[in-house]
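Numbering (the numbering used here), first residue to last: 71 to 186.
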């Protein structure tokens, strides 16, 4: 089984997650937001499943640079999708689509429970 793995290659959390996948023999297809962009349909699905607060990274510099109006818009799931398409670095990383659902962020215990 190959999982879909979304992120940015130079992100430390993405690097840790890749090492974990490789150490556990899990095949993955990597999608680089910087090169491939973020898919509006996938973002809509992820937010519907996990919520805006899980998918949107409010701790990063890109979010902090937004105008106050954009930060308010980010709370609305439809407007958040548009912001994330424009600024894919605001998507919490990594996101993994697997046979049983979606994982957002790298938590080893959660990944073990869902992927092993």
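All C-beta atoms, glycine included, are put in the ideal place defined by N, C-alpha and C.
Fair warning: this is a prediction, and the values are worked out from it, not measured in the lab.
Under DSSP, the beta strand (DSSP E) around residue 168 begins and ends at which residues? 165-168 is the span of the beta strand (DSSP E), which, as asked, contains residue 168.
Return the CA-CA distance between residue 139 and residue 153, expressed in angstroms with no decimal places. About 12 Å.
Using C-beta distances below 6 Å, list every residue in its chain close to residue 103, excluding the 5 sequence neighbours before and after it, in chain order. 78, 158.
Between residue 171 and the rest of its own chain, which residues show a CB-CB distance below 8 Å, the 5 nearest in sequence each way excluded? Residues of the same chain with a CB within less than 8 Å of the CB of residue 171, apart from the 5 flanking positions on each side, are 119, 184 in chain order.
Reducing DSSP to helix, strand and coil, say where residue 145 ends up. Secondary structure at residue 145: coil, using DSSP grouped into helix, strand and coil.
Between which two residues does the alpha helix (DSSP H) harbouring residue 185 extend? It spans 178-185 - the alpha helix (DSSP H) in which residue 185 sits, taken as one unbroken run.
Three-pair Cβ contact test at 8 Å for the region 143-152 versus the region 113-129: With a cut-off of 8 Å, the region 113-129 and the region 143-152 count as touching, because enough Cβ pairs lie within range.
Residue 93, buried or exposed, once every other Cβ within 10 Å from all chains shown has been counted against 16: It counts as exposed.
Is it right to say residue 142 is buried, meaning 16 or more other beta carbons lie within 10 angstroms of its own, or is it exposed? Exposed, by the Cβ-count rule.
Which of helix, strand or coil does DSSP assign to residue 161? Strand, per DSSP.
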